[in-house]
Structure formats: C-alpha cells, structure tokens
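Below: the structure, in structure tokens.
Residue numbers (full-length UniProt numbering): 1 to 128.
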C-alpha cells in the first residue's frame with residue numbers, strides 16, 4: 001500500500017500577522033489512508049420477506065497474518081492521528097479562550113472617565 005504524507009505548518013483559518021504571533025503553530029503530518037467500502041442494506045424488508053444484514057464489509061477478512069498485522073498497525077496509526085487531531089483542537093480552543101480573556105482583561109483595565117482635575121491611578125502608572 002503506497003502511502004503519501006505531506007506537512008502543513010498552518011492549520012485553520014488564515015491569521016493576520018498581529019494575531020499570528022500569539023498562536024502556537026506546529027507541523028502536522030497527515031497520512032492518507034485507504035478506506036474500505038461498506039455496502040448498506042435497505043432497512044425495509046424485501047418483498048420475499050428475507051432481511052439482508054445491515055452492513056457487508058468488502059473485501060472479506062484477511063487470512064494472511066502479515067496483512068492482518070498491517071491492518072492492525074494501520075488502525076493504530078489512525079487512532080493516534082485522531083488523538084493528535086483532538087489534542088490540536090483542544091489547543092486551538094484554549095488559545096481562543098486565552099485571547100478572549102486577554103481582551104476582556106484589557107477592557108477591564110481601561111480607565112472609566114476619571115473626574116476632571118484628579119489624575120487616576122491609570123494615569124500615574126503611564127507617567128512612570
């Protein structure tokens with residue numbers, strides 16, 4: 001089975017340069033996997049009253065131990081790839097949450113129109 005892989009350093013929507021600095025980018029390897037065709041039967045019984053099985057895998061199960069081992073490894077790789085994808089998704093969600101909290105913090109730190117003639121603590125911090 002010939003496998004091709006490619007790397008992508010940017011996953012997700014394009015970012016503006018100022019927002020890109022806050023994101024953690026990691027190179028991701030994507031493996032192309034050959035999927036097996038599954039035929040689904042009609043859920044309604046046929047006219048002759050004989051029901052067909054819900055799914056028929058194609059091709060038949062492998063008998064060759066080497067082929068079985070390759071299938072197991074392929075499934076293991078698919079599982080690992082899925083776990084990595086889930087972790088990357090969690091990481092991106094946390095980055096977005098952090099960005100939102102930073103923006104919220106920045107808005108909370110803004111001075112609310114201080115009384116005229118009296119410098120606020122914010123103004124004093126800016127002068128030092």
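Beta carbons are placed, not taken as given, at the ideal position from N, Cα and C, and that holds for glycine.
Straight across, the Cα-Cα distance linking residue 91 with residue 103 is about 18 Å. Our two residues, residue 67 and residue 101, have alpha carbons roughly 51 Å apart in a direct line. In the DSSP annotation of this structure, the continuous segment of the alpha helix (DSSP H) that includes residue 105 starts and ends at 65–109. Just so you know, the alpha carbons of residue 88 and residue 99 end up roughly 16 Å apart.
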